[in-house]
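Take a look at the structure below.
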Amino acid sequence: DQKVNYACIVLNKIVEKIKIIIRYIKYLIASKNHHAIHSPFVFDLVTNVIYKNISTNTTSKIESLRSDLCKDNNVIIVKDFGAGSNINKKKKRKIKDIAKNSSKNKKFGELLYRIVEHFKPKEIFELGTSFGISTLYLSKANLKSNITTFEGCEESAKIALDNFKKLDCANINTIVGEFGETFSKKLAQKNKVNLVFIDGNHSEKATIKYFDESIKYSDQKTILIFDDIHWSSGMEKAWSYIKKSQNTRVTVDLFFIGLVFLDQKLSKENFIIRF
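Residues 4 to 278, numbered by our numbering, are exactly what the sequence shown covers, in order.
Here it is in structure tokens:
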């Protein structure tokens, strides 16, 4: 029975990987670069934010911290309230394995940095701290911003807090607990949010809920960023719901993440950009 169960687990992983590869091929076929964009807003976004290169001492320090985490053999107990990982379902996991699989890589970390640097949002919410790598990119891009980051796992949050201290980030407030109990409550307290990065509980129902909650406390300049929009059929359905919403105007599909802009002055369009 154990052998059969193990074989089923391995087979499911292979099937999921094949599905993601197929989705990525479809994305590549449909995607365009900045030369094919006729919207002035999106052309500027792609040229001056998405495709812009940065290399700073700050981002190097963040990546050095990531490198240390990727070598850490210590084991923690993971409390996962969301859809979990396609790679590792075990509760006990090595820090290095989580760091390699859960945090957004350098390419997307620097994209988050450029978005914050360019638009300068004051109040930023991040749903899904993990070890705080993405949080650090958000934080360092604009030290005048206020970052509120939410994490469900206490042990992961402890490591994140230590990382924030190492890079001397004073503009981050970490909230630990189940997202359903913490996210809405904190949004209501803040009353307004300028950027929301949803990187937790990768399920259709939860993602739609976080979108609807965020909209209540957004204005036309608010930016919403959703992680892993093609991670599963459920996440693709959630992304479709977000694109069709009357509240959204411009959406940008970068495959691994989706950007949402709410300014009603913009034409309602969905862009698939190769990144």
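Using N, Cα and C, we set each Cβ at its ideal position, and we do this for glycine too.
Around the C-beta of C11, fewer than 16 other C-beta atoms lie within 10 Å, and the residue is accordingly described as exposed. Ranked by Cα distance from K161, the first of K107, I23, I98 is I98.
Every unbroken stretch of the beta strand (DSSP E) spanning 3 or more residues and falling wholly within the stretch 61-126 is given here in chain order: 78-80, 95-97. With contacts defined by Cβ atoms closer than 8 Å, K224 and N204 do not form a contacting pair. Per DSSP, I226 is not a residue of any alpha helix (DSSP H); the beta strand (DSSP E) it occupies stretches across 226-230.
Pairing A102 with I178, the inter-Cα distance amounts to about 20 Å. The residue among A241, G155, T251 with its C-alpha nearest the C-alpha of L269 is T251.
Taking 3 residues as the shortest admissible run, the stretch 114-200 contains the following complete beta strand (DSSP E) segments, listed from N- to C-terminal end: 126-130, 149-154, 175-179. Spanning the alpha carbons of S34 and H233 requires a straight line of approximately 14 Å. It is roughly 29 Å from the alpha-carbon of E157 to the alpha-carbon of W242. The C-beta distance from Y220 to K193 rounds to 7 Å, short enough to fall under 8 Å.
Here N145 is buried: its Cβ has 16 or more other Cβ atoms, across all protein chains shown, within 10 Å. In this structure, E207 lies near G237, with their beta-carbon atoms less than 8 Å apart.
When secondary structure is reduced to three states using DSSP, N273 falls in the strand class. A residue is called buried when at least 16 other Cβ atoms come within 10 angstroms of its Cβ; D171 does not meet this threshold and is exposed. When Y213, K240, D202, Q267 are compared, the shortest CA-CA separation from G112 is found for D202.
In this structure I228 touches V199 by the C-beta definition: roughly 7 Å separates them, less than 8 Å. In the DSSP assignment, F264 is bridged to I226, V253. For S236, the uninterrupted alpha helix (DSSP H) run begins and ends at 236-247, by DSSP. T185 has its alpha-carbon roughly 28 Å from the corresponding atom of L68. In the DSSP secondary-structure assignment, K35 is bridged to I276. A straight-line Cα-Cα distance of about 15 Å links F182 and S159. Three or more beta-carbon pairs separated by less than 8 Å link the stretch 116-134 to the stretch 54-62, which places the two stretches in contact.
Secondary structure of T59 (DSSP, three-state): coil.
Taking 8 Å as the cut-off, the Cβ atoms of V255 and V45 count as close.
In this structure, the alpha-carbon of A39 lies about 17 Å from that of K271. Across the structure, N108 and V13 are spaced so that their CA atoms are roughly 25 Å apart. Here DSSP, grouped into helix, strand and coil, assigns I40 to coil.
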